[in-house]
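Structure, as structure tokens:
In this note's numbering, the protein residues as written are 15 to 340.
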């Protein structure tokens, strides 16, 4: 198993380098940081604009391979460069990454676990009311983009406040600090985390439950499950020991690819609920033609997706002995 995971880790490192290189090339050729300086009033001289672009390492008159080489050598030393406003990308990255991880990890872990449970439960209770209700919920959520799901949840919370006369604040992350007391701070953070997490959990449950239900139905009609029952195992024990484990193997692969879509959706969730995370930073950076910040976000996204793929490989190896044996 260790050899398998080592090979996969090496494979992901190569993919990471290729993905970041392509992201840098795309951001450098499609964004126009020169216009950010030239559109100032009064318009600066061309030499001044070139000087500022050179200082930031994003002058389009410098050959792209040379720019990428300088950027990559700094990144290897832990320096992500300067934003277009001449501030540190590292500082901006550091202040936002915790916000996004807090939102993504809780929503992903909770949504994945519930999606697998609901999918397996729906397969066991096929065509019963609970299965049909879960099917309607899943198709309804999957037919809407994450942007729409988050907007609906936000509108629902506003309706609740207006109808019940409450004033529950759900925009932003909460203003309290440790100085207000640990319990107060955690309570405030939990309230503000609830709605954006709910949007991510709903989308994750909808997609994972459908796939898990389908794979579980295939397993329920398998010969080895009937053999396990014939050897004296109860239905529940046979399902948990042999059925659910086998049905989860394809899900580990789906997890890696599903995380990318979830990551994109979280960008809009952050914007709608006023979370100052990586997604909001990406949108603001694109509109201001900030090349170094866009590439820093791409690096973060690539690491997260490949990390999800590595976790999926670990789950796959743990569930399937053939993978562990090489």
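Every residue gets a Cβ at the ideal spot worked out from N, C-alpha and C, and that includes glycine.
> DSSP beta-bridge partners for residue 96?
Replying inline: For this step, residue 96 is matched to residue 82 along the chain shown. Answer is 102, bridged to residue 96.
>> Just to confirm before moving on: does the CB-CB distance between residue 215 and residue 291 stay below 7 Å?
In response: As a position in the chain shown, residue 215 is number 201, starting the count at 1. As a position in the chain shown, residue 291 is number 277, starting the count at 1. Not in contact: residue 215 and residue 291 (Cβ atoms no closer than 7 Å).
>> I need the straight-line Cα distance from residue 276 to residue 319, nearest angstrom please.
In response: Within the chain shown, residue 276 is the residue found at index 262, counting from 1. Within the chain shown, residue 319 is the residue found at index 305, counting from 1. If you take the alpha carbons of residue 276 and residue 319, they lie about 10 Å apart.
>> According to DSSP, is residue 250 part of a helix, a strand, or is it coil?
In response: In the chain shown, the residue the question calls residue 250 occupies position 236. In this structure, residue 250 counts as helix in the three-state DSSP scheme.
> Looking at the structure shown, is residue 307 part of a helix, part of a strand, or coil, going by DSSP?
Replying inline: Mapped onto the chain shown, residue 307 falls at position 293. Looking at residue 307 - three-state DSSP - the assignment turns out to be helix.
> What residue from 284, 176, 326 has the CA that sits closest to residue 206's CA?
Replying inline: Working through the chain shown from its first residue, we reach residue 206 at position 192. Nearest of 284, 176, 326 to residue 206, Cα basis: 284.
> What does a CB cutoff of less than 6 Å around residue 303 pick up in its chain, not counting 5 residues either side in sequence?
Replying inline: The residue given as residue 303 occupies position 289 in the chain shown. If we look at residue 303 and ignore the five residues flanking it on each side, its Cβ neighbours are 45, 46, 47, 50.
>> Please give the ranges of any alpha helix (DSSP H) in the region 159-185, keeping only runs that are unbroken, at least 4 residues long and fully inside the region.
In response: Whole alpha helix (DSSP H) segments, 4+ residues: 160-178.
>> Taking the alpha-carbon of residue 249 as reference, which of 136, 234, 117 has the nearest alpha-carbon?
In response: Taking the chain shown and counting its residues from 1, one reaches residue 249 at position 235. Of the candidates 136, 234, 117, 234 places its Cα closest to the Cα of residue 249.
>> Using a 10 Å radius around the Cβ and a threshold of 16 neighbouring Cβ atoms, would you call residue 242 buried or exposed?
In response: Taking the first residue of the chain shown as position 1, residue 242 is located at position 228. Flag for residue 242 reads buried.
>> Taking the alpha carbon of residue 114 as the reference point, which residue from 179, 161, 296, 264 has its own alpha carbon closest?
In response: Mapped onto the chain shown, residue 114 falls at position 100. The option with the nearest alpha carbon to residue 114 is 296.
> Hey, how far is the Cα of residue 53 from the Cα of residue 63?
Replying inline: On the chain shown, position 39 is the one that residue 53 refers to. On the chain shown, position 49 is the one that residue 63 refers to. Computed Cα separation, rounded: 11 Å.
> Using the C-alpha atoms, what's the distance from residue 228 back to residue 189?
Replying inline: Your numbering for residue 189 matches position 175 in the chain shown. Your numbering for residue 228 matches position 214 in the chain shown. Their Cα atoms are separated by approximately 44 Å.
> Which class does residue 287 belong to by DSSP, given the choice of helix, strand or coil?
Replying inline: Position 273 of the chain shown, counted from the start, is the residue given in the question as residue 287. Residue 287: coil per DSSP, three-state reduction.
> According to DSSP, is residue 211 helix, strand or coil?
Replying inline: Position 197 of the chain shown, counted from the first residue, corresponds to residue 211. Here DSSP, grouped into helix, strand and coil, assigns residue 211 to helix.
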